[in-house]
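Engineer:
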Amino acid sequence: MEELTKTHFSFFKSALLTGVIIAGLTALYFLGPYLYLGYPQLGETPAPLLGLIILLALITGVLGNAMTDIILFVLKKKNGLTGNYRKAAYAAFCGVIMASMAVFIDIKTLGSGKEIMVTALFSDHKQLEWYIPIVRIFGSIISFSTGAAGGVFAPSLSAGAGIGAVFAGWFHLSGPETNLLILCGMTGFLTSVTRSPFTSSILVLEMTNSHNVIFFILLTSLFSNLIASVMSRHSFYERLKDQYINEIHKIETQTEKG
């Protein structure tokens, strides 16, 4: 809701927040506490780590914005395909690429990426292979461009987690420090896609109950949002909305002429 209603959010924010609070308390009362990922181990954060977090925020801001730019570019080119056969062939081609990446590179290419996040946060094998963020980003571009259901929300979290884990491995950080960079990577990458730093921060905090590092999570989201906004003024969803509207107008114009 924050993403879709930024312009008019001030007119109904009280009612919206009240609804969110009531829904959350109701679910908590009947279903009990729920964490999508769990409780990662987090220790005290040394001062030198702050510089790495800011650098990670800038990297995720750049990569997240680049991913959305490529997705929009591919979708625009895909609109030039005429006929159902060509569209079906494109979808099949993308499926072959995804399957090939899963078979010949890593099975982690497929899915939402929850396994990547859980493994990195709660196992001793925290340092992921350097290519994991690349295949996650490339896989999101391919799958989203086909028009199939799925979206970029969960894949953005897993791509950010992969970047954070790889980044921590380069600097040989401890387990708790690596967990912090993973959470910051998730927040930064998602923020660069949605341009909703508050929502992205709260989402990661709710999935892991990591309220003791809320300062670093918010700091990452703000820096990531800043660098992404410098690269592109509007968010992925705003530009995607404009692209869809232009497509509709184009179809209506063609229909009227026909």
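So the number in the numbering used here is just where the residue sits in the sequence shown, counting from 1, plus 88. Just so it is clear, CB atoms sit at the ideal spot from N, CA and C, and this is done for glycine as well.
(1) Consult DSSP for Pro243 and reduce its assignment to one of helix, strand or coil.
(2) Let me confirm a value: Lys196 is counted as buried when at least 16 other C-beta atoms fall within 10 Å, else exposed. Which label applies?
(3) Within the chosen definition, does the segment 108-116 reach the segment 233-252 through at least 3 CB pairs nearer than 8 angstroms?
(4) Can you say whether Arg224 is buried or exposed, counting buried as having 16 or more other CB atoms within 10 angstroms of its CB?
(5) What runs of the alpha helix (DSSP H), each 4 residues or longer, lie entirely inside the segment 152-218?
(6) Quick one: what does DSSP say Gly126 is sitting in, helix, strand or coil?
(7) Roughly how far, in whole angstroms, is the beta-carbon of Pro128 from the beta-carbon of Asn267, given that I think they are within contact range, below 8 angstroms?
(8) By Cβ distance, which residues of its chain are closer than 8 angstroms to Phe311, with the 5 residues on each side in sequence left out?
(9) On a CA-only basis, which of Leu328, Gly201, Cys182 is nearest Pro221? Give me that one, please.
(10) Are the beta-carbon atoms belonging to Met274 and Tyr124 less than 8 angstroms from one another?
(11) Tell me the DSSP secondary structure of Phe118 in three-state form.
(12) Phe259 to Leu169, Cα distance in whole Å?
(13) If you measure between the beta carbons of Ile302 and Cys272, is that distance less than 8 angstroms?
(14) Does the pairing of the segment 212-221 with the segment 173-181 give three or more beta-carbon distances under 8 angstroms?
(15) Leaving aside the five residues before and after Leu130 along the sequence, list all residues of the same chain whose C-beta is less than 7 angstroms from its C-beta, in chain order.
(16) Is it buried or exposed, Val292, if we count other Cβ atoms within 10 angstroms and call 16 or more buried?
(17) Are the CB atoms of Ala316 and Gly152 nearer to each other than 8 angstroms?
(18) At which residues does the alpha helix (DSSP H) containing Ser233 begin and terminate?
(19) Measuring CB to CB, does Ile251 end up less than 8 angstroms from Ile159?
(20) Can you check the segment 279-337 for any beta strand (DSSP E) of at least 3 residues that lies completely inside it and give the ranges in chain order?
(21) Please look up how many angstroms separate the CB atoms of Ala236 and Ile204, rounded, as I've assumed it's under 8 angstroms.
(22) Can you tell me whether DSSP reads Ala103 as helix, strand or coil?
Structural biologist: For this structure:
(1) Counting from one through the sequence shown, the residue named residue 243 turns up at place 155. Note: Pro243 maps to helix in three-state DSSP.
(2) In the sequence shown, the residue the question calls residue 196 occupies position 108. Buried, because 16 or more other Cβ atoms sit within 10 Å of the Cβ of Lys196.
(3) no
(4) In the sequence shown, counting from the first residue as 1, residue 224 sits at position 136. Buried, by the Cβ-count rule.
(5) 172-192, 202-210
(6) Position 38 of the sequence shown, counted from the first residue, corresponds to residue 126. Note: Gly126 maps to coil in three-state DSSP.
(7) Taking the first residue of the sequence shown as position 1, residue 128 is located at position 40. Taking the first residue of the sequence shown as position 1, residue 267 is located at position 179. That belief holds up - the Cβ atoms of Pro128 and Asn267 are roughly 4 angstroms apart, short of 8 angstroms.
(8) Along the sequence shown, one-based indexing puts residue 311 at 223. Closer than 8 angstroms at Cβ, skipping near neighbours: Ile142, Ala145, Leu146, Gly149, Gly276.
(9) Here residue 221 is taken as the residue at index 133 of the sequence shown, counted from 1. Minimum Cα distance to Pro221 is reached at Gly201.
(10) Start at 1 with the first residue of the sequence shown, and residue 274 comes out as number 186. Start at 1 with the first residue of the sequence shown, and residue 124 comes out as number 36. No. Outside cutoff.
(11) Translated into the one-based positions of the sequence shown, residue 118 becomes position 30. DSSP places Phe118 in helix when its eight states are reduced to three.
(12) Numbered from its first residue, the sequence shown carries residue 259 at position 171. Numbered from its first residue, the sequence shown carries residue 169 at position 81. Answer to the nearest angstrom: the Cα atoms are 46 angstroms apart.
(13) Start at 1 with the first residue of the sequence shown, and residue 302 comes out as number 214. Start at 1 with the first residue of the sequence shown, and residue 272 comes out as number 184. No, the Cβ-Cβ distance between Ile302 and Cys272 is not below 8 angstroms.
(14) no
(15) What you label residue 130 is simply residue 42 of the sequence shown in a count that begins at 1. Counting only Cβ-Cβ distances below 7 angstroms, and skipping sequence neighbours, we find Pro264, Asn267, Leu268, Ser298, Asn300, Val301.
(16) Against the sequence shown, residue 292 aligns to sequence position 204. Val292 is buried by the Cβ-count criterion.
(17) Position 228 of the sequence shown holds residue 316. Position 64 of the sequence shown holds residue 152. Yes, the Cβ-Cβ distance between Ala316 and Gly152 is below 8 angstroms.
(18) The residue given as residue 233 occupies position 145 in the sequence shown. Run containing Ser233: 220-233, per the alpha helix (DSSP H) assignment.
(19) Against the sequence shown, residue 251 aligns to sequence position 163. Against the sequence shown, residue 159 aligns to sequence position 71. Against a cut-off of 8 angstroms, the Cβ pair of Ile159 and Ile251 comes out as no contact.
(20) none
(21) Numbered from its first residue, the sequence shown carries residue 236 at position 148. Numbered from its first residue, the sequence shown carries residue 204 at position 116. With 8 angstroms as the limit, Ala236 and Ile204 do not qualify as a contact, their Cβ atoms being about 20 angstroms apart.
(22) Taking the first residue of the sequence shown as position 1, residue 103 is located at position 15. The answer is helix: DSSP assigns Ala103 an H, G or I state.
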